[in-house]
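Engineer: Let me begin by handing over the structure; questions about it come next.
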Amino acid sequence: MIDVDRIREDFPILKRRLKNGKGLVYFDNAATTQKPRQVIDAIYDYYMNYNSNIHRGVHQLAVEATEAYESSRRKAARFINAGEDEVIFTRNTTEAINLVAYAWARKSIQKGDGIIITELEHHSNIVPWQMVAKEKGARLDYIRVNLEHSYDGSLVLDDIHTLLRESNVRLVAVSHMSNVLGTIIPVKDIIKACKNYDNSIKVLVDGAQSTPHMPINVKDMQCDFFAFSAHKMLGPTGVGVLYGERGLLDTMDPFLTGGDMIREVHKYDTRWNDLPWRFEAGTPNIADVIGFGAAIDYLDSIGMNNVKAYEHELTKYMLSRLIEVKDIRVYGSMNADERGAVFSFTLADIHPHDLASILDEDGVAIRSGHHCAQPLMERLGVAATSRASLYIYNTKEEIDRFIESLNRARLIFRLGG
Amino acid sequence: MSSADIYREIILDYYRNPRNYGKLDNPDVVVRDSNPLCGDEIEMHIKFEGGKVKDIRFNGKGCAISQASASMLTEIVMNKSIDEVRKISKEDILANLGLTNLGPARIKCALLSLKTFKMGLYSYLADKVNDATSIKEDADKLY
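Same order as they appear, the protein sequences are chains E and Z.
The opening residue of the first sequence carries number 8 in the numbering used here; numbering runs sequentially from there.
The opening residue of the second sequence carries number 812 in the numbering used here; numbering runs sequentially from there.
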C-alpha cells in the first residue's frame, strides 16, 4: 500500500490555505490533478538550464533538450506498453481524438458506413464523430447506458452485436472510464467483439479518465488508437498522447503539416517524416512534455497497481459514507469493483452550483454542471450533478470533511433530519 | 458572503415556491437567456399595456440564486411603468436580494434575470422608441 502522507509532502499546493483560512480538500481530479514538486522542478530545470528547440540541433542544449523530450516519449510508451514510434504527443486528449478524426476517419469512412460510440462519452469523443458522420453521410450509433434497474452506469453491451449488424461499421470509439459515473468499461471485451465480427473495424479508446488510475496495456487491450492527457495524471496541461498501432499509423497522412514532420521538402513536393514525428508538426510543447516525463516517473515510483489498490480503498470508503447522507442520490455503481473514484450525485433539491459554493466555503473543491457529457445527463434525466473525484493524495479524513460539508449544506437549505 | 448569509429563508422560499412562475397566453415578448458557464436558464413572458408592465411570468432552471432572483424581479416590475423598470440597476437587484457582496463566480446567477428582462424590454421598445439602443447598452453593461 502507498504512504499517502509522504505523497502529500510532494504536492506544495495541498498545504495552501484558502481565503477563509480553510485547508484545501481537492476533489476535482477528474478535471485536472495537482502537480508534484518533481514535475514543477523538471519544467523549471529545462527553462533554467537547457532551454532549446529540439531535433536537428547540434549544439549541446539542443541535444540535451531532444534527449529529454524523447525520453518522455519512451516513458509514455512503456507506461502503456506501446512502441516508441507509436506514441504521438498532442495538446490533449481532444486533439488526439481529432487527429484520428482528420487523419484517419475522414479518409477511411465513406457514405453509409457506421461509427459506434456510447451514451457516456465526454463531448470530446462525441463531437468529432458527429462532424465526420455529417460530412461523410455516415451513421452514428450509440451503445446505451444501462438504466434498467438502477443508475448502475454500465453499458448495454448487447447493443454492440445489434449495431455491428446494422451498418458497415468502420470505427468504434469508446471511453475506458466515465468522467461522470466512474464506470470502468470492459473495453477489452468490446474490442474482441468488434474484431471477431470484422477484423477491419478500428477501435479508439478514450483513456483520459482511466490512464491516471490503473495499469494500461494497449497491446493486451488490442485497441487501434488510445488517447489520454498528461494533466489528469500529475503532469502539466498542454500535453496529450495519441497511441496508434504502428501499421495503421503508417498508412495515415499527416494531420497538421509544416516543420519537423517532414523528411524532404521540395518546391512542389514533400516526403513525410517517419513515425511518430510525422504527426508532430511545428515546435512542440517541449517543457511540458519533459514535465510529463517526470509525472510518469512519479507514478512509476508508486506503481500503478498500488495507485489502483489505494483508490479502490478510497472508493469503498466514499461509497459507504455517501449512502449515510440523507436525500442523496448517487449516479453510478455502488460496487467499488466496477468503478473508479469519480462520484456524481445530487442532494435533495439543492442545485449542484449552490452545493459546490457551500462546499467551497469549507475548502472542499468539487465540480458541478454537465461535465461535458450532456447526452449522458439527458439520459440520466438531470440538468446537472455535483461531482467529487479523487486521486492518490486524497485521504479518508478528507472524505470525512467532504461528508461533513454535505451535511452542513443540508442544514443551510433547511432540510429536515 | 457566507452561505448562511446567501441562502437566507427568503431566498430559499422564492427558490422553492417561485412567484409568477410559468408562461403567459398572449405575451408581447418572450425572451430567454442562459449562463453558459453554469447552465442557468431563464425564460420570461411579458405583457405590456398603457406604458406599464401589465403581466409577467418566468420559467427556467438553475441555482437558488438565479431562480429566486428571477421570481423577485417579476414582483418588482409588475404594474410598474416602462420608465421605472428601465431604470432598475444591478445594484437595485442585488440590494433587493440582500446579496450585495456576492463573489464573481455567483454574481452572474443573480443578474441573469435582469439581463433577460432588459433584453425583453429592448426588443419590445425597439419598434416603438428612438432611444432603444441606450436600453440595449444598459443590458449589455449588466455582465
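For each residue, glycine too, the CB sits at the ideal point set by N, CA and C.
Would Val-179/E pass as a contact of Ile-87/E if the rule is Cβ separation under 9 angstroms?
Structural biologist: No. Outside cutoff.
Engineer: The ligand PLP heavy atoms versus the CB of Asn-36/E: any closer than 8 angstroms?
Structural biologist: Within the structure as shown, the ligand PLP is missing, as the structure has no ligands at all.
Engineer: Our contact map puts Gly-245/E next to Arg-98/E with C-beta atoms below 8 angstroms; I'd like the distance itself, whole angstroms only.
Structural biologist: Confirmed, Cβ separation roughly 6 angstroms.
Engineer: So does the stretch 820-831 of chain Z actually touch the stretch 877-885 of chain Z, counting three or more Cβ pairs closer than 8 angstroms?
Structural biologist: With the cut-off at 8 angstroms, the stretch 820-831 of chain Z and the stretch 877-885 of chain Z touch.
Engineer: Leu-848/Z: buried (16+ other C-beta within 10 angstroms of its C-beta) or exposed?
Structural biologist: Result: exposed.
Engineer: Would you mind stating whether His-298/E and Tyr-53/E have Cβ atoms separated by less than 9 angstroms?
Structural biologist: Before going on, a small fix: residue 298/E reads as Gly here, not His. Yes, these two residues count as a Cβ contact at 9 angstroms.
Engineer: Taking the Cβ atom as the reference point for each residue, do Asn-27/E and Glu-368/E lie within a distance shorter than 9 angstroms?
Structural biologist: Yes.
Engineer: Work out the CA separation of Ser-207/E and Ala-103/E for me, nearest whole Å.
Structural biologist: In a straight line, the C-alpha of Ala-103/E is about 21 angstroms away from that of Ser-207/E.
Engineer: Can you check whether the CB of Ala-395/E is closer than 9 angstroms to the CB of Ile-373/E?
Structural biologist: Closer than 9 angstroms, so yes.
Engineer: Of all the options Leu-925/Z, Arg-917/Z, Lys-939/Z, Lys-872/Z, which has the alpha carbon lying nearest to the alpha carbon of Lys-898/Z?
Structural biologist: Here the closest residue by C-alpha is Leu-925/Z.
Engineer: When the Cβ atoms of the stretch 349-357 of chain E are set against those of the stretch 180-199 of chain E, are three or more pairs found closer than 8 angstroms?
Structural biologist: Result yes; three or more Cβ-Cβ pairs closer than 8 angstroms.
Engineer: Can the beta-carbon of Val-337/E be found less than 9 angstroms from the beta-carbon of Leu-326/E?
Structural biologist: Against a cut-off of 9 angstroms, the Cβ pair of Leu-326/E and Val-337/E comes out as a contact.
Engineer: I believe Lys-82/E touches Gly-300/E by the beta-carbon criterion, under 8 angstroms. Please report the beta-carbon distance rounded to the nearest angstrom.
Structural biologist: Right, the Cβ-Cβ distance comes to about 5 angstroms (below 8 angstroms), so this counts as a contact.
Engineer: Around the Cβ of Pro-838/Z, are there at least 16 other Cβ atoms within 10 angstroms (buried) or fewer (exposed)?
Structural biologist: Under this definition Pro-838/Z is a buried residue.
Engineer: Taking a cut of 7 angstroms between CB atoms, which residues from the stretch 410-421 of chain E lie near chain Z?
Structural biologist: Going along the stretch 410-421 of chain E in chain order, one finds Ile-419, Phe-420, Arg-421 with a Cβ nearer than 7 angstroms to chain Z.
Engineer: Do Met-883/Z and Asn-912/Z have their beta-carbon atoms positioned less than 9 angstroms apart in this structure?
Structural biologist: Cβ atoms of Asn-912/Z and Met-883/Z: not closer than 9 angstroms.
Engineer: Looking only at its own chain, which residues have a Cβ that is under 8 angstroms from the Cβ of Ala-288/E, when we skip the five neighbours before and after it?
Structural biologist: Correct list, in chain order: Pro-261, Phe-262, Leu-263, Thr-264, Gly-265, Gly-266, Asp-267, Met-268.
Engineer: Could you list which residues in chain Z have their beta carbon closer than 7 angstroms to that of Ala-390/E, in chain order?
Structural biologist: Going along chain Z in sequence order, the residues near Ala-390/E (Cβ under 7 angstroms) are Gly-850, Lys-872.
Engineer: Please name the residue, chosen from Asp-334/E, Leu-282/E, Asn-401/E, that lies closest to Tyr-317/E on a Cα-to-Cα basis.
Structural biologist: Nearest of Asp-334/E, Leu-282/E, Asn-401/E to Tyr-317/E, Cα basis: Asn-401/E.
Engineer: Output needed for Arg-386/E: all residues of its chain with C-beta closer than 6 angstroms, excluding positions within five of it in sequence on either side, in chain order.
Structural biologist: Taken in chain order, the residues that qualify are Glu-126, Val-152.
Engineer: Given that Leu-823/Z touches chain E, what residues does it touch there, using C-beta distances under 7 angstroms?
Structural biologist: Near Leu-823/Z (Cβ distances below 7 angstroms), the residues of chain E are Phe-420, Arg-421.
Engineer: At a CB-CB cut-off below 7 angstroms, which residues of chain Z make contact with Ile-365/E?
Structural biologist: Chain Z residues near Ile-365/E: Ser-814.
Engineer: Just to confirm before moving on: does the CB-CB distance between Val-371/E and Val-11/E stay below 9 angstroms?
Structural biologist: No, the pair does not count as a contact, with Cβ atoms beyond the cut-off.
Engineer: Mind checking who Ala-234/E pairs with in its DSSP beta bridge?
Structural biologist: Its beta-bridge partners are Asp-213/E, Leu-249/E.
Engineer: Which one or two residues does DSSP pair with Phe-96/E in a beta bridge?
Structural biologist: Paired residue(s): Val-248/E.
Engineer: Taking a contact to mean a Cβ-Cβ separation below 9 angstroms, would you say Val-210/E touches Val-163/E in this structure?
Structural biologist: No.
Engineer: Is Ser-131/E near Ala-215/E, with beta carbons less than 9 angstroms apart?
Structural biologist: Yes, Cβ-Cβ distance for Ser-131/E and Ala-215/E is below 9 angstroms.
Engineer: Look at the alpha carbon of Asn-224/E and the alpha carbon of Ala-89/E, and state the distance between them as a whole number of angstroms.
Structural biologist: Those two C-alpha atoms are separated by around 8 angstroms.
Engineer: Could you say which of Leu-147/E, Ile-399/E, Thr-73/E lies nearest to Lys-118/E if we only look at CA atoms?
Structural biologist: Comparing Cα-Cα distances from Lys-118/E to each of Leu-147/E, Ile-399/E, Thr-73/E, the minimum goes to Leu-147/E.
Engineer: Reducing DSSP to helix, strand and coil, say where Ser-892/Z ends up.
Structural biologist: Three-state result, Ser-892/Z: strand.
Engineer: In this structure, what does DSSP give as the bridge partners for Val-32/E?
Structural biologist: The partner list for Val-32/E (beta bridge, DSSP) reads Val-371/E.
Engineer: I believe Asn-980/Z touches Tyr-832/Z by the beta-carbon criterion, under 8 angstroms. Please report the beta-carbon distance rounded to the nearest angstrom.
Structural biologist: The requested residue 980/Z does not occur in the structure, where chain Z is confined to residues 812 to 954.
Engineer: Kindly indicate the opening and closing residues of the alpha helix (DSSP H) around Asn-313/E.
Structural biologist: Run containing Asn-313/E: 311-329, per the alpha helix (DSSP H) assignment.
Engineer: In chain order, what residues of the same chain have a beta carbon less than 8 angstroms from the beta carbon of Leu-383/E, not counting five sequence neighbours either side?
Structural biologist: Glu-126, Leu-127, Glu-128, Val-152, Ser-185, Val-187, Leu-188, listed in sequence order.
Engineer: Using a 10 Å radius around the Cβ and a threshold of 16 neighbouring Cβ atoms, would you call Lys-143/E buried or exposed?
Structural biologist: Classification of Lys-143/E: buried, given that the 10 Å Cβ count is 16 or more.
Engineer: Going by the CB atoms, is the gap between Thr-218/E and Phe-235/E shorter than 9 angstroms?
Structural biologist: Closer than 9 angstroms, so yes.
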